[in-house]
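Okay, structure first, notes after.
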Amino acid sequence: HGANEDAVDAENRSPLHWAASSGCASSVLLLCDHEAFLDVQDNDGRTPLMIASLGGHAAICSQLLQRGARVNVTDKDDKSALILACEKGSAEVTELLLSHGADAGAADIMGHDALHYALCTQDGALCRLLRQALNRRGQQG
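So for the sequence shown, UniProt numbering puts the first residue at 1; every next one is plus one.
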């Protein structure tokens, strides 16, 4: 009642950032129902989707994407939600992001793409997902 779902703290994080970070799906749903801004960026340039991706919270990523969160937003280091999911080693989140149009070929400020981070995890399934996405991208391009 009267609470501002888009209020931010000193790091420019909104309640939706904190709910996404904690993995609390019911809080994310409540904030989305109250039309919280989905793509608000904190001081690091990270959106709630990016925070959920880094946390490996697939259900929250799914909720945010279904509500219209933009999948290819990048942070101050040019890292996307997909790159963050690959850094985390989350094949489930990676597959979800790819199915919503995440750009598998986008690189961060260091020139590293999602496959680079997937290779660092040594997760074969994660690497295969990204190779398949890059192959599809190459065939379409």
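Glycine residues also receive a C-beta, built at the ideal position from the N, C-alpha and C atoms.
Small disclaimer: the values here were computed from a predicted structure and weren't measured.
Use the C-beta contact count for residue i: other C-beta atoms within 10 angstroms, 16 or more gives buried, fewer gives exposed.
i, result
"H100", "buried"
"S26", "exposed"
"Q63", "buried"
"C120", "exposed"
"D9", "exposed"
"A19", "buried"
"A7", "exposed"
"R13", "buried"
"Q122", "exposed"
"H1", "Its pLDDT being 48, under 50, H1 is placed unreliably by the model, and the measurement read from it follows with that caveat. So H1 counts as exposed."
"Q139", "exposed"
Excluding the 5 residues preceding and the 5 following residue i in the sequence, name in chain order all residues of the same chain whose CB lies nearer than 6 Å to its CB.
i, result
"L84", "M50, S53, L54"
"D103", "N72"
"L65", "H100"
"L115", "L130"
"I109", "D77, D78"
"A133", "L98, A104"
Excluding the 5 residues flanking residue i on each side, which residues of the same chain have their C-beta closer than 7 Å to its C-beta?
i, result
"L126", "C86, G89, A91, T94, A118"
"G68", "L38"
"R70", "D39"
"L29", "Q63"
"D75", "D44, G45, R46, M50"
"G56", "K88, S90, V93"
Any idea which residues DSSP pairs residue i with across the strands?
i, result
"D113", "A107"
"T74", "S80"
So, for residue i: in the same chain, excluding its five sequence neighbours on each side, which residues have a beta-carbon less than 8 Å away from its beta-carbon?
i, result
"L96", "A58, C61, S62, L65"
- At what residue ranges does the UniProt repeat "ANK" (77 to 109) contain a whole run of the alpha helix (DSSP H), taking only runs of 4 or more? Counting whole runs of 4 or more residues, the UniProt repeat "ANK" (77 to 109) contains the alpha helix (DSSP H) stretches 81 to 88, 91 to 99.
- Task: At 4 residues or longer, and completely inside the UniProt repeat "ANK" (11 to 43): list those alpha helix (DSSP H) runs for me, N to C.
- Result: Counting whole runs of 4 or more residues, the UniProt repeat "ANK" (11 to 43) contains the alpha helix (DSSP H) stretches 15 to 22, 25 to 33.
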